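Under UniProt numbering, think of the first position of the sequence shown as 1, with each following residue one higher. Quick reminder that beta carbons are idealized off the backbone N, C-alpha and C, glycines included. Being a predicted model, the structure only gives us computed values, none of them experimental.
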Amino acid sequence: MGFSAEWLALREPADIAARHAGLLARAVAVAGNDPVILDLGCGTGSTLRTLAPHLPGNARWHLVDNDPELLTRAATEAPGRAQTHALDLRDLDALPLDGVTLVTASALLDLMPAPWIAALAERLAGAGLPFYAALSYDGVMEWDPALPGDAAITQAFNSHQRGDKGLGAALGPDAAATAPAILRKAGFTVHDGSSPWRIGPDSAPLHAALVEGIAGAAAEAGAVDAANWGRMRIAAAPATGCLIGHLDLLALPPT
């Protein structure tokens with residue numbers, strides 16, 4: 001499981017614009033006046049860059065990823081205040097929770113299987129830690145104008161997203177409903193809100209990369225017309241808008 005730095009850079013502006021502002025503000029408040037934040041699957045540091053303007057200047061970070069190059073890049077965003085951890089997320093016992101005030105993740109839960117989320121919920125509940133998880137894909141794809149095949153491609157893509165990303169069968173689009181339910185079962189109070197990408201004709205590079213990725217995944221899932229759909233979608237991009245659904249959540253631990 002991993003993503004290129006180029007793709008992460010392309011999607012970051014859409015991620016930042018999509019985040020649910022109310023949940024972001026509540027997560028920052030929950031982190032406290034002397035925040036120590038553990039970011040799971042940090043990539044190049046998008047969560048750090050997004051939260052930093054809202055946090056006190058003394059905020060410290062524990063950055064977790066399995067890609068040393070991405071970790072090195074992420075750490076430069078908070079020089080002297082970020083500690084990196086090259087960890088396999090299968091090993092939740094290795095997470096450095098001591099002193100942490102908030103655990104975060106972005107675009108991660110839909111890549112994970114339900115048992116992993118349940119194990120994480122148990123670990124965080126035991127430590128009494130809040131969890132702020134943003135941008136979990138919820139299975140919704142809307143294109144304006146619509147083209148023939150949109151629904152079939154969405155169905156195939158969503159099926160692909162439920163495949164094994166390295167830790168077992170991922171929840172994919174089911175994460176938006178399943179993850180909050182798992183956290184509530186573990187005793188958390190969960191607040192959630194919609195955080196859709198809204199991509200217009202002015203975001204041509206992201207639009208093209210998104211369509212290529214969707215078409216490729218749909219083809220792998222058996223959509224025979226995926227390549228042709230992708231070509232039509234890219235050709236129509238200068239006059240097309242799209243909405244890709246996501247969910248943000250803030251889970252407050254049992255008291």
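Problem - Residues sharing a beta bridge with R60, DSSP - result: V36
Problem - Which of helix, strand or coil DSSP assigns to M1 - result: Per-residue confidence for M1 stands at a pLDDT of 47, beneath the threshold of 50, marking its modelled position as unreliable; the derived number appears in the next sentence. In this structure, M1 counts as coil in the three-state DSSP scheme.
Handout entry: Through-space distance from L147 to A119, alpha-carbon basis
Key = 41 Å
Handout entry: Which of helix, strand or coil DSSP assigns to T84
Key = strand
Handout entry: Sub-8 Å separation of L87 and P130 beta-carbons
Key = no
Exercise for the section: Below 7 Å CB to CB, which residues in the same chain sit around L92 once its five sequence neighbours on both sides are set aside? Expected result: A119, L120 and R123
Handout entry: Sheet register partners of D110 (DSSP bridge)
Key = DSSP output for D110 lists no bridge partner at all.
Practice task
Locate the beta strand (DSSP E) running through G245, then write down its first and last residues.
Solution key: G241 to L252
Practice task
Specify whether the segment 229-236 and the segment 156-170 touch according to this definition: at least 3 beta carbon pairs, one from each stretch, less than 8 Å apart.
Solution key: no
Exercise for the section: Tell me, to the nearest whole angstrom, how far the beta carbon of H62 is from that of P96; I am working on the premise that it is less than 8 Å. Expected result: 5 Å
Handout entry: Residues of its chain near R49, where Cβ-Cβ distance is below 7 Å and the 5 sequence neighbours each way are ignored
Key = E77
Problem - At least 3 beta-carbon pairs within less than 8 Å: the segment 102-115 vs the segment 201-219 - result: no
Exercise for the section: Determine the extent of the beta strand (DSSP E) in which A133 is found, giving its start and end residues. Expected result: F131 to D144
Problem - Three-way DSSP call (helix, strand, coil) for A127 in this model - result: helix
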